[in-house]
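Asker:
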Amino acid sequence: MKTQKTWFITGAGRGFGLDITEAVLKSGDNVVATVRNNPEALATKLGNNPNLHVVLLDTTNETQAKEAAASGISKFGQIDVLVNNAGYGLLSAVEEATSKEVFSNFNVNVFGVLNVTRAILPHMRKKRSGHLINISSIGGLSAYFGWGVYGATKFAIEGITEGLAMELAPLGIHATVVAPGFFRTDFLDNSSLTRTENIIEDYNETVGKMRKFATTANKKQPGNPKKLAAAFIKLAASENPPVHLPLGTDTLERFREKTKKFENDIANWYDTVIGTDHDDTKNNK
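FYI, in numbering that gives the first Met the number 0 the residues of the sequence shown are 0 to 284.
(1) Express the C-alpha separation of G207 and N67 in angstroms, rounding to a whole number.
(2) Hey, how far is the Cα of E238 from the Cα of T271?
(3) Mind checking whether A178 and L192 have CB atoms under 9 Å apart?
(4) In its own chain, which residues sit with a C-beta less than 6 Å from the C-beta of V23, not counting the 5 before and 5 after it?
(5) Kindly indicate the opening and closing residues of the beta strand (DSSP E) around N114.
(6) State the CB to CB distance for the pair I156 and N133, rounded to an integer number of angstroms; the pair is presumed to be in contact (CB under 8 Å).
(7) Could you tell me which of S128, H130 and K226 sits nearest to N17, measuring between CA atoms?
(8) Per the DSSP calculation, N295 is bridged to which residue(s)?
(9) Residues in the same chain with beta-carbon distance under 6 Å from V53, minus the five sequence neighbours each way, listed in chain order, please.
(10) Identify the continuous alpha helix (DSSP H) that holds A67 and give its terminal residues.
(11) Check whether the Cβ atoms of T59 and N104 sit closer than 9 Å, and answer yes or no.
(12) With DSSP run on the structure shown, which of helix, strand or coil describes L192?
(13) Residues in its own chain within less than 8 Å of E252 by CB, not counting five upstream and five downstream?
(14) If you drop the 5 nearest sequence neighbours on each side, which residues of the same chain put their C-beta closer than 8 Å to that of A11?
(15) Based on DSSP bridge pairs, tell me the residues matched to G86.
(16) Which residue marks the beginning of the alpha helix (DSSP H) containing A11, and which one marks its end?
(17) Quick check on DSSP: helix, strand or coil for S141?
(18) Thinking just about the alpha-carbon of each residue, which of Y202, I199 and D249 is nearest to the one in N223?
(19) Could you tell me whether the region 198-206 touches the region 272-281, using the rule of 3 or more Cβ pairs below 8 Å?
(20) Taking just the CA atoms, how far does I172 sit from L163?
(21) V112 and G86 - do their beta-carbons sit closer together than 9 Å?
(22) Rounded to whole angstroms, what is the Cα-Cα separation between G139 and K153?
(23) Throw me the rounded Cβ distance for the I232 and E94 pair, which I believe falls under 8 Å.
(24) How big is the Cα-Cα spacing for N181 and S91?
(25) For the region 221-259, which segments carrying the beta strand (DSSP E) assignment without a break, of at least 3 residues, lie completely within its bounds, in sequence order?
(26) Using CA atoms only, rank isn't needed, just tell me which of S135, T160, I159 and E161 is closest to G150.
(27) From which residue to which residue does the alpha helix (DSSP H) around L41 run?
(28) So for S91, helix, strand or coil by DSSP?
(29) Is the Cβ-Cβ distance between H130 and A174 less than 9 Å?
(30) Check A96 in the structure and name its three-state DSSP category.
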């Protein structure tokens with residue numbers, strides 16, 4: 000018999016968050032779904048499911064994150080799976096992005112994840128079980144021009160999750176970072192993607208082409224969000240989940256291409272790579 004779990008999902012009103020929420024409810028589990036506004040609309044959209052508890056949450060507000068966690072615990076008694084999904088894209092050359100735009104992207108995509116994680120982990124530590132799932136990106140595994148700042152936020156999520164996985168393992172808590180490729184969601188819509196107002200013509204051949212691609216590729220991405228949601232159900236049910244889970248053939252190909260180039264760089268610079276140690280340490284290896 001299936002043991003009912005309670006999920007806490009940020010950014011549940013649309014995109015991946017909504018698809019995962021729908022899949023979890025269909026599986027029979029509970030969901031604490033967070034939205035930034037109009038919680039009644041999401042509850043109505045999902046048929047006022049008794050296993051659904053919608054709460055307001057701006058992930059950049061740490062106090063609100065703690066209140067949302069407490070509300071979920073009060074409603075369902077526990078939180079077993081945390082999905083840090085809330086975030087948005089910034090399409091810009093690194094030089095083009097203003098300090099305000101960069102801070103805002105990191106504030107939501109990184110600091111917001113940390114706020115929610117700190118709010119939920121005390122409950123998981125208390126019962127010595129749980130699964131923390133952070134959503135990264137193909138851009139968090141390998142950089143693209145036009146996505147340098149956004150990719151940096153997702154590189155941060157990769158590193159944070161790796162650290163969490165090691166710290167939480169002795170406590171019976173799993174941590175996984177999921178890196179989706181290009182999926183047919185609203186990510187490239189204006190609702191999820193910010194484009195910098197500052198445009199430098201010298202980047203027309205790189206970032207300029209990416210801006211055009213983002214427009215033409217919208218709603219034509221290869222990934223199926225419903226299948227991604229199903230993968231999350233499988234992931235949360237695993238007794239031995241991975242720390243890294245790339246989703247989509249495009250992500251897998253991109254990562255393999257990067258590691259191949261990395262190995263080539265090491266081979267070409269091998270003497271330099273190993274030649275920087277103190278001489279008195281060489282005999283100890």
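For each residue, glycine too, the CB sits at the ideal point set by N, CA and C.
Answerer: The structure says:
(1) Looking at the sequence shown, residue 67 is not Asn but Ala. For A67 and G207, the distance between alpha carbons rounds to 40 Å.
(2) 42 Å
(3) no
(4) W6 and V30
(5) Premise fails: N114 lies in the alpha helix (DSSP H), G111 to K126, not in any beta strand (DSSP E).
(6) 5 Å
(7) With the sequence shown as reference, residue 17 is identified as Leu, and Asn is not the correct amino acid for it. The shortest Cα separation from L17 among S128, H130 and K226 belongs to K226.
(8) Residue coverage of the chain in this structure runs from 0 to 284, which leaves residue 295 outside it and unanswerable.
(9) A32, P38, L41 and A42
(10) E61 to F75
(11) no
(12) strand
(13) none
(14) L17, I19, T20, V30, A32, T33, V34, L41, V53 and N84
(15) For G86, which the question treats as bridged, DSSP gives no partner whatsoever.
(16) Unbroken run through A11: none, as it is neither H nor E.
(17) coil
(18) D249
(19) no
(20) 9 Å
(21) yes
(22) 4 Å
(23) Actually they do not touch by this definition, with Cβ atoms about 42 Å apart.
(24) Looking at the sequence provided, one finds Phe at residue 181 rather than Asn. Distance between the alpha carbons of F181 and S91 is about 18 Å.
(25) 243-246
(26) S135
(27) P38 to K44
(28) strand
(29) yes
(30) coil
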